[in-house]
Every structure is written in C-alpha cells, then in structure tokens.
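Asker: Before we start, here is the structure in question, set down as structure tokens.
Chains as they are written, first to last, in the numbering used here: chain U, 208 to 699; chain V, 69 to 631; chain H, 61 to 137.
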C-alpha cells in the first residue's frame, strides 16, 4: 500500500469523481467528495512525513521504468505543495455543503462535486508528476474542471469570466505544450529529471531557448503573473464562494510550483539566472504585480474582486522571492506559497460567510456588520493582519524571508518596496474593517446574524492556522528551507 | 527549544486582562481591568533580576524575557499608569477602550522586557495596533481619520525598524537588543524606527494630531506608552549617540513654541509631551551615567505627571464637552479636584521643589554641566523655563483660573477623582521621598537634589518664567487655529501629488493599450479584409486585449533570451 | 495694558514679584555666606534666564504664527 503512496492522491479523486457522477443526491455527493478530500489530505500528510524522514520518493507508473514510463517523484518541495493543496481542498469541503447549496441549483450539485474532484485530481497530478507531458495532461484536466466550477457562480457574469479564463488558459496550456514539444525535440525525453540531465550543456541551443520562453510565458499565464493576470479578478469574483476560496489558494500555487520545478530542476538555476537575465525580468514584473495589484485592490468596492487583486499582488511577492535566486529567496517563495494559501483561503471563506448571510459582498453592504457578525469579521481581521504581515502571524514570516533575501543581496530599495506594499495592504484591509466596525448598518435587520457554525468552523480553522504557523514555523519555513536548498544545490 | 525557566512575560497578565475585558460585564469586568495592571506589576517584581528566557525561532535564538534594572523601572511605571488610567476610565470609557488600553500596556511591557529585536518588534507592533484602537474607540469622524494617519505612520516606523532588524541580522547574524553603534544602514534604520515612536522630527506631528482625538480617558493611556518605550529603546540601544542631542533640542523648542500657539487644551499638553520627550532624547545623546539616570528618572516622572495633567483636562472635557481654552476658564470653583490636580501636575512639570519633577529633572541638566556642554546646558535651561510657560502654567491658568465664562459643570466622577488623587500623591510623594525612585535607576547614583543652590536656582527660574507668562498672557489668550507642521507635506502636498500620479499613470496605461490595440487591430483588419467578417474581430476585443499582452510578452521573452 | 494685567491677575503677579525678591535675597545671602555658587555669575541670573527664555520663546511663537498659522479645519478631514 505504502509503495503506491505517490499515485494514490491522484487516483482516489479521479475514481471518486466517476462515482460522484452516478450519485444523484447532493448530500451523498458531498459526503463522498468530503471523504475523498480528507483521505487525500491524510495521504499527503503521510507522504510528507515519509519524505522528510527518508528523502525523495520515486514511483514508476505501472511498473514501467523511467524515462520511457511516467515517473512520479516526491521531494520536500512537492510534498509541501501537496499538503497545502489537499489541506485547503479538505477544509473547503467542510464549508462546501451549505455554501454550495445556496449558490448552485440542487440538481447540479453532484456535477459540481465531480468537477471539484477532477480539479483536485488535476492539481495533485501536476504536483506529483515527474513527466512533462503528464504535467500538461493534468494541467488541462484541472483547468477544464476549473472553468466548469467558475461558471457555476450565481451571477451571470460568471459565464463570461469562465469563458475568458478558458481562452487565456488554453493559450497558456498551448504555450506549455509547445515548450515541452521543443524540449522533446532536442532531448528525446519527457521525464523532467532526464531532461535535466540531457539539457546540461545544450542550454544555448535555439530550440531549447524557445521552449524555455514558451514554457515560462505559459506558466506565467497560469500563475497570473502581471501582466498576464487579467483573467483572475473576474474569475475569482464571480465564481461560487467555495470555488474562489479553493482556486485562490491552490490553482496559482500549483502553477508556481510547476514554474519552480522547470526553472530549477530542469533548466538549473545557473542557466536560468546567469545566462539569461530572467532574474531581472521577474524582479520587474513581480514589483509591478505587487504595486499595481495592491493599488487596484484599494479602489475596489466589491470584496471578492479586492481579494482577487490582492492575490495578484501576493503572487508578485512569490515571484519576487524567485528573482533573488538565493536559498533565502526561494525559501521565501515556498513559505509564502504555504502561508498565502492559508491567508487567502481564510479571507475568501470569511467573505463567503458574509455572502451567505446578506447575499452581497459590496462595501456598502458590509457597513456596521462587524458587531453583528463578530466571528466572521474576526476571522477576516486575523487573516487580514496576516496578509499585512504583522507578527506573530504567518504573513510576517513570509515578509521576513523576503526582506532578508533582498538585504542579503544588498538590494535595499527592494526591501523598502516590499514593506511599503504592506502599508498598501493595510489600506485595503483597513477599509473593510473600518466599514464593518465603524459605520451604521445599511442592510435589513433580519439579515444581520452571524453565519452558521458549519461555515465559521472551517474559516476559523484556516484563520487560526495563520496564527499557529506564525509561531511554529517548522513545517512551513523549515520544509521550505530544505526544499530551497535542494533545488539550488541540485541537478542542472 | 524553549527554555522559559519559569519566566512569564509580565505583559501576559495585561493581555489576558484585555481579552477578558471584552468578554465580561458589570462588576466582574471592573475587577478584572483594575486587577490586570496590578497583576502585571506583581509579575514585573516577581522576576529575578538578570534572568532571561530563550526560545528558538526561525534560525535565531530569541530572548522574549530579559530582566534588567531599566526594564523593572519602566515596567513598574507602565503598570502603575495602566492602573491609574483604567481607574480614571472606569465609568466613562467604552469597553473597547479599556481592552485596547490594556493590550497597549501589554505591548509596552513586552518591549521593556524584550531581550532581542524580534520580541521587541512584536511588542512594538502590538502597541501600534492597540493604541490605534484606543483612538478609534472614540467614535467620531475626526478620531477615525486621525487614527488612520496615526496607524499609517506607526506602521511606517515599524517598517523602518523591521528592515533595520532584518538588515542587522543579515549583516552580523545577531538579533540582540543591546547597545549599537551607528556605523551601518541597518542601525540608522533602527534608530529612525525608534525615533518615529518618540515623536522626533520630521514625523512629530502625529502626537498633536492623533492624541487629542481620543476620548477624555483615552489620551491618558496614549500619553504613557508609545513615546516612553521609544525612550527606553533609545536608552538601551543608542546611549551617547550624539545625533540625538540636536534632535532632542529641536523637539524641546518645537514643543514649547507650538504649545504657546495652541488653543486646544489637550493639544497644548500633546505638544508639551513632545517637548519633554525632547529632554529625554537629548539626555540619551549626552550618554553619561548621570545623564542616562536622568533620562530614566525623567521618563518615570513624566509618565506620572503628564497622565495627571491629562486627567485634569479629561475631567474638564468630560464635564463640559469643551476642548478649547478660549471657551473655558474659571473652572476652579466648579472642579476643585481637577484644578488641584492640574496645579500639582503643573508644579511637577515646572520641576518645583517638593515634586518628583524636581528630583528627577535636574539630573539631565547636571549631566550636561558635568560634560561641559555649555550650549546644551543653556538650551536645556531655556527649555525648562519654556515648559513652565507653555505647559506648567498655560493649561491650568487658562482653564481653571483666568476669565470665568459662567460654566457650571458638575464635579468630576469619583473614579476620575480617585485616579487623579493617586497620581498627585505619587508626584508629591516621590518629590519628598525620592530614595525609592533613585534606587530603581540603572546606574549608581550619588546625587543630592535638595541642596540650597539647586532649590534656589529652580525657584528663580520658575519665577522668572512665570513672570514672562503673565507678560505674554494677552497674546497667549488670543491664540486660535492650528500651526502648520511637517505633516503638511503628506497631508496636503503628498496627497495631491499621489492623486495626480495615480490619474496620470491610469491615463498613460490606457493610452498605451489603446495605441497598441489600434495598431494591432489595424494590422489584423488589413490581413482579414478579404477573409472573415469584421464583426468577429470586434466581438473578440475584450479577450483580445489579454491575447495582445500575451503576444507582447512572448516577443519580449524571446528577445530577452536571445540577447 | 499694564492696568489690565494688574487688575486681572493682580494677586498672582504680586505673589510672583514677592517670591522673586525673596529668592534673590536668599541667593545674595548664600553668595556672601558660602563664598561661591555654581552657575550663578550674577544675582538673580536664573530668574533673568527664566524671564528671557519665556519672552524669547513667546517671540518665536509670535514670529512663527505669522508664517504658519492657519484656521482650524484647514486640512478638511
């Protein structure tokens, strides 16, 4: 059983999705999906435990050895990403029953969970696989499932948002496929680790460079790196709350993981950052993302859009860590990948609680509700403080590593900019809290009640995790550090 | 690894009190909020001297609790003032003010007992947030906007501090909270971070801007902690840093002059606060053992008498609803207790003999004389005189004596009276029995305050200054409005500039996109003139803008990679 | 103006002047008695310093007011 550990997180959701299709009852579908996500989370926990104990795990699919067969390789980096994705998937599932029942027509709910499980399977597949084409396949699976999930939103604009995401996502996936194709042409292999070995020495080859470029652009699009982020705000704003929370915390993270994997394991840090000035490009784009995302978020009146633009800024932070090309920088990226999932997950779930009660998420609607819905806004406040980066929350850890990374390189202006952006985050989070606590309620009296415990508990689970991982950083920063060292000292 | 060795952070009692305050009601809450500072005080004194707790965090070893003499001194006066402040606020303040005030005190005590910069930083940020909530608990629009400016400034200061801490850790691998030399950018940033909280120029306007917008009892809390923890931090980290002398001297003169110009009684006291902190900052700059003792003693005394003065002002504000000296006057008969408190506070700030102001303040001037810094000594003496005019006399005289306006407010509520009595007793008591205060000072002290020359010198200075006050009184009475300060730069100039920049960048981006789009569209249209219908192109435009960016970026990447 | 000051604040002012006279007198007795006093180069120096300081700072305030005074509500928020 344990020998098949690396493949189970992918197979279980796939099988469960098929079974879900056969279940016509919403409640049963939810139970099945919930059980699956929690089982997968347990598997992820076991995997990370195993990897931290005994080092990387290698698994050949169907017994066919690499490089002809598809190989699944689990090291510290993808074990951590796996934990994050499955964890969020599981916690959001707890939340999902009532929230989804509110937003999706009852007859479609089983199909909703089918799509959810497929998206999860796709994301986990990307995380675990060691084969480039397999990665593309799972990318497409998760993307298609995401388009469906986003389109389930109660607002009619969700369809347009899903369509735009579809167009952009397909372009991105096509670029990735072309990139993989170019690499295959040069090396004859699709296995990531074999690619790494074969590309050693031929990096300057035009085809390789072109493949590299296509891959980077394609993944940047999936990652929503400025200026390829234009699909994200609408997609997150109009999707059902469960979907926003799930995707915001996982989809872009997995794309970032894929980028890191390609940049550091396949191409190698030296080639990527020294022979090609990718560090400078990423630095510029990351800073642009951070500031433009934050500025636009400040002027948003709708909470989910605001959080979406905030995500664009946070993704900028993650790529900023990448651009440092140092152990500290990469640790910052991975740690923020972990922490941001917790922050954004909690924030979107809190907004979902709000939407559940009053049916709207605009600034005017939330006025004065801080006192009537203390737990909801309390969770929002805790996650918001983590987003701003005050100690002792998890966000502070990310900021600390980012600033340390910048200062290690002597880039003082960058360190200042990182913290200036925290002030911007203070403004947009502060606007929400100010409206909630310091204004008179504008919504009808009957609607002003606290959200149900079924929704609050998962929200607080994630919000509390922000506080916990701000104090105990062994799992987040410790594993991130290990992963960073392995990536920078590793092959290529 | 966590090695607490039975050391609990003393701020914990205050923090628990803050949390419980929000959950309890009625007498139970009153008991808890009054007990919390006393518990904190007990915890401060229960800690054995020289002890330290260690915790492993990230890659460093933190020292969240470190017991030094200086920490004890500041911890004691913080807990005492927290108690007095809670007592003062007991019947009149909303519960969020009490809870925020206790959390604020907890942060201050946390900073005082921190042994490393990261623990200090945690306390620092807790103070910033909690004090903002103290301001915001007074639900007026002015408090809201002032509180937001206050929070932004404090988080900015925290940002400078954090970069400094991270830079110092990156350069020298240490997070220790000890003396530092100003030989690198990180140390300067840490100094800047401390000075923002101290109210040093150019960011000194936040004190007079934000503090008076708090509730009558809220300002008592605010006056005690932020600026004094900054002084404490300067004492530990930068004793003898000469740059602090001119900074302190600026603050001294600034505080007096702006207080003379001011009409709002609590803004007068706020400017006076900056002035007094200026004395402390200059003292840290002088750096000798006597000076540092003087700073510590002055800080101790200042917390007590500034709180006393603010309590008197708060009582007046609470009973009359009026803040401006031009609206007030002659209230001594109606509010005798508050008038008495204001007089004791005024006498203490004037450093008249028999008050703790006398026993504490002379140390810094003596240190300047000892170090033969004549110019500094003169300026300090001028400052002492000035503070008598602007702080010690102006507020009590204009509010409680001088032209009666026929106001008939009721007497101050009992808790307020009790709190004022407590602090007045401390001010006078420590003036007469000063040995306990001297015993708490960090360095050995053999100073005798009650010598004939000291007493006479101070009395003469005070009398001369008082005479000048009465000569200036007609002009002082006529002061209205506000005085522009450095904050004009970010409240007017910066804001305007920011708005114009935002509009310009927005326009620029749309113009670029439009132009690129037009060229792109023209090209594609030209290509497809013979083929597809024009309608299809127009319909796909919204998607097209994203595709456009993708194409541009791909071209850019390819260019970059081939270079 | 002098009348106004005296009439309004009469008692306080008389007490002040009395105190000044007494303190200068005490100082004189100390100087002749003990031989020297630190930081006092002439009788009533501290008093003069206090008076001058107060008036000087008031003067700075008056000058500053000319430049920087604005009505309340200037910032409009």
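Just so it is clear, CB atoms sit at the ideal spot from N, CA and C, and this is done for glycine as well.
Looking only at DSSP bridge pairs, what is residue 398 (chain U) linked to?
Answerer: According to DSSP, residue 398 (chain U) bridges with U:338.
Asker: By the 10 Å Cβ neighbour count, where 16 or more other Cβ atoms means buried, how is residue 255 (chain U) classified, buried or exposed?
Answerer: Buried, since its Cβ has 16 or more Cβ neighbours within 10 Å.
Asker: What runs of the alpha helix (DSSP H), each 4 residues or longer, lie entirely inside the stretch 489–576 of chain V?
Answerer: Fully enclosed alpha helix (DSSP H) runs of 4 or longer: 503–508, 520–545.
Asker: Would you say residue 600 (chain V) faces chain U, with C-beta separation under 7 Å as the test?
Answerer: Note on residue 600 (chain V): pLDDT 46, under 50, position unreliable in the model; no value is reported.
Asker: What is the DSSP secondary structure of residue 344 (chain V), reduced to helix, strand or coil?
Answerer: In this structure, residue 344 (chain V) counts as helix in the three-state DSSP scheme.
Asker: Answer with yes or no whether the minimum CB distance from residue 378 (chain U) to chain V is below 7 Å.
Answerer: True, the Cβ-Cβ gap to chain V drops below 7 Å.
Asker: Run the CB neighbour count on residue 195 (chain V), radius 10 Å, all protein chains shown included, and call it buried at 16 or more, exposed below.
Answerer: Under this definition residue 195 (chain V) is a buried residue.
Asker: Hey, out of U:504, U:403, U:432, whose CA is closest to residue 530 (chain U)'s CA?
Answerer: Measuring from the Cα of residue 530 (chain U), the nearest candidate turns out to be U:432.
Asker: So which residues of chain U does residue 230 (chain V) contact, with C-beta pairs closer than 7 Å?
Answerer: Per Cβ cutoff of 7 Å: 610, 626.
Asker: Which bits of chain V does residue 488 (chain U) rub up against, with CB to CB less than 7 Å?
Answerer: Ordered by position in chain V, the residues that pass the 7 Å Cβ test against residue 488 (chain U) are 628.
Asker: Keeping to the same chain, check which residues put their C-beta closer than 6 Å to that of residue 460 (chain V); ignore five residues upstream and five downstream.
Answerer: Only 414, 417, 418 meet the Cβ criterion.
Asker: Going along the chain, which residues of its own chain have a beta-carbon closer than 6 Å to the beta-carbon of residue 702 (chain U), five neighbours each way excluded?
Answerer: Chain U is shown only over 208 to 699; residue 702 (chain U) falls outside these bounds and no answer can be derived.
Asker: Pull the bridge partners of residue 310 (chain U) from the DSSP assignment, please.
Answerer: According to DSSP, residue 310 (chain U) bridges with nothing at all.
Asker: Under 8 Å: do the stretch 244–256 of chain V and the stretch 272–287 of chain V share three or more Cβ pairs, one atom per stretch?
Answerer: The stretch 244–256 of chain V, when compared against the stretch 272–287 of chain V, does not touch it at the 8 Å Cβ threshold.
Asker: What residues match up with residue 266 (chain U) in a beta bridge as DSSP calls it?
Answerer: BP columns for residue 266 (chain U) point to U:279.
Asker: Quick check: what's the CA-CA separation for residue 604 (chain V) versus residue 427 (chain U)?
Answerer: Only weak support exists for where residue 604 (chain V) lies, its pLDDT of 40 falling under 50; the coordinates are left without a value.
Asker: To the nearest angstrom, report how far apart residue 440 (chain U) and residue 213 (chain U) are at their CA atoms.
Answerer: Between residue 440 (chain U) and residue 213 (chain U), the C-alpha separation is close to 34 Å.
Asker: Do you know offhand how far residue 76 (chain V)'s Cα is from residue 576 (chain U)'s?
Answerer: Between residue 76 (chain V) and residue 576 (chain U), the C-alpha separation is close to 37 Å.
Asker: Which same chain residues, not among the five before or five after residue 690 (chain U), have their C-beta less than 6 Å away from its C-beta?
Answerer: The residues are 283, 284, 541.
Asker: Would you kindly work out how many angstroms separate the C-alpha atoms of residue 247 (chain V) and residue 306 (chain V), rounded to a whole number?
Answerer: Rounded to the nearest angstrom, the two C-alpha atoms are 6 Å apart.
Asker: What separation, rounded to the nearest whole angstrom, lies between the Cα atoms of residue 523 (chain V) and residue 406 (chain V)?
Answerer: When rounded, the distance between both Cα atoms is 27 Å.
Asker: Whole angstroms are fine: how far does the CA of residue 236 (chain V) sit from the CA of residue 223 (chain U)?
Answerer: Each residue's alpha carbon lies about 53 Å from the other.
Asker: The beta strand (DSSP E) with residue 134 (chain H) in it runs from where to where?
Answerer: Run containing residue 134 (chain H): none; DSSP gives neither H nor E here.
Asker: Residue 212 (chain V) CB to nearest chain C CB: under 7 Å?
Answerer: The structure shown has no chain C; the protein chains it does contain are U, V and H.
Asker: Quick one: Cα of residue 684 (chain U) to Cα of residue 124 (chain H), how far?
Answerer: Using only the alpha carbons, I get a separation of about 54 Å.
Asker: Could you run through the stretch 315–349 of chain V and flag, in chain order, every residue whose CB is less than 9 Å away from some CB of chain U?
Answerer: Residues passing the 9 Å Cβ filter: none.
Asker: Of the residues that make up the stretch 597–622 of chain U, which ones have a beta carbon closer than 8 Å to any beta carbon in chain V?
Answerer: Of all residues in the stretch 597–622 of chain U, 597, 598, 599, 604, 606, 607, 610, 611, 614, 615, 619, 622 have a Cβ within less than 8 Å of some Cβ in chain V.
Asker: Is residue 453 (chain V) closer than 7 Å to residue 533 (chain V) when the C-beta atoms are compared?
Answerer: Their beta carbons are under 7 Å apart, which means residue 533 (chain V) touches residue 453 (chain V) by this criterion.
Asker: Tell me where the beta strand (DSSP E) around residue 134 (chain V) begins and ends.
Answerer: Where residue 134 (chain V) is concerned, the enclosing beta strand (DSSP E) stretches over 128–134.
Asker: Can you grab the Cα-Cα spacing for the pair residue 373 (chain V) / residue 203 (chain V), in whole Å?
Answerer: If I take the Cα positions, the gap works out to 21 Å.
Asker: Against chain H, does residue 457 (chain V) count as a neighbour if the rule is that its beta carbon must be under 7 Å from one of theirs?
Answerer: With 7 Å as the cut-off, residue 457 (chain V) counts as an interface residue toward chain H.
Asker: Take residue 374 (chain U) as the anchor and find which of U:385, U:347, U:390, U:392 has the nearest alpha-carbon.
Answerer: Out of U:385, U:347, U:390, U:392, U:347 has the C-alpha closest to the C-alpha of residue 374 (chain U).
Asker: When you compare the CB of residue 78 (chain H) with every CB in chain V, is at least one pair closer than 7 Å?
Answerer: With 7 Å as the cut-off, residue 78 (chain H) does not count as an interface residue toward chain V.
Asker: Does any C-beta atom of chain H lie closer than 7 Å to the C-beta of residue 88 (chain V)?
Answerer: So, not an interface residue.
Asker: Between residue 600 (chain V) and the rest of its own chain, which residues show a CB-CB distance below 8 Å, the 5 nearest in sequence each way excluded?
Answerer: In this predicted model, residue 600 (chain V) has a pLDDT of only 46, less than 50, meaning its place in the structure is not dependable; the value taken from the coordinates is given anyway. Cβ neighbours of residue 600 (chain V) beyond the five flanking positions: none.
Asker: Taking Cβ-Cβ distances below 7 Å as the criterion, which residues of the stretch 675–697 of chain U are in contact with chain V?
Answerer: Of all residues in the stretch 675–697 of chain U, 680, 684 have a Cβ within less than 7 Å of some Cβ in chain V.
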